[in-house]
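What follows is a set of notes on a single structure, which appears directly below.
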Amino acid sequence: IRELSTVRIGTLLRISGQVVRTHPVHPELVSGTFLCLDCQSVIKDVEQQFKYTQPTICKNPVCANRRRFMLDTNKSRFVDFQK
Numbered sequence: 001i002r003e004l005s006t007v008r009i010g011t012l013l014r015i016s017g018q019v020v021r022t023h024p025v026h027p028e029l030v031s032g033t034f035l036c037l038d039c040q041s042v043i044k045d046v047e048q049q050f051k052y053t054q055p056t057i058c059k060n061p062v063c064a065n066r067r068r069f070m071l072d073t074n075k076s077r078f079v080d081f082q083k
């Protein structure tokens, strides 16, 4: 496996070996849609990079909320992730 290079991307490979350890597949947040709990504004497409990230400030110019947001899981984008 160490000898595989990017040249093989997109091709079907056959690898034989022994599985030593497995991890379950779980959803990972890629792009979040948040609801401001102060003014009910919706903040879309908050990109997630390696950790859970809420919006830094509400997009509503009259609202000064920087902390109280709720993730809308139905409108957010997730991918299957496995360690």
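Residue numbering for the sequence shown follows full-length UniProt numbering, beginning at 1 and increasing consecutively.
Note that the Cβ used here is the ideal one computed from N, Cα and C, for glycine as well.
Residue range of the unbroken beta strand (DSSP E) whose run includes R77: To locate residue 77, count along the sequence shown from 1; it is residue 77. Unbroken beta strand (DSSP E) run through R77: R77 to F81.
CB contact below 8 Å: K51 versus chain D: Looking at the structure shown, chain D is missing, and only one protein chain is on hand.
Stretch pair the segment 28 to 44 + the segment 2 to 20: three plus CB contacts closer than 8 Å: no
Pairwise C-alpha distance: V19 and H26: Indexing the sequence shown from 1 puts residue 26 at position 26. Indexing the sequence shown from 1 puts residue 19 at position 19. Taking the straight line joining both Cα atoms gives about 19 Å.
CB-CB length for G32 against S76, believed under 8 Å: Position 32 of the sequence shown, counted from the start, is the residue given in the question as residue 32. Position 76 of the sequence shown, counted from the start, is the residue given in the question as residue 76. About 5 Å; that satisfies the 8 Å criterion.
Check whether L4 and F78 have beta carbons under 8 Å apart: Within the sequence shown, numbered from 1, the residue matching residue 4 stands at position 4. Within the sequence shown, numbered from 1, the residue matching residue 78 stands at position 78. No, they are not a contact pair.
Beta carbon of F69 nearer than 8 Å to that of Q48: Locating residue 69 in the sequence shown gives position 69, where the first residue counts as 1. Locating residue 48 in the sequence shown gives position 48, where the first residue counts as 1. No, these two residues do not count as a Cβ contact at 8 Å.
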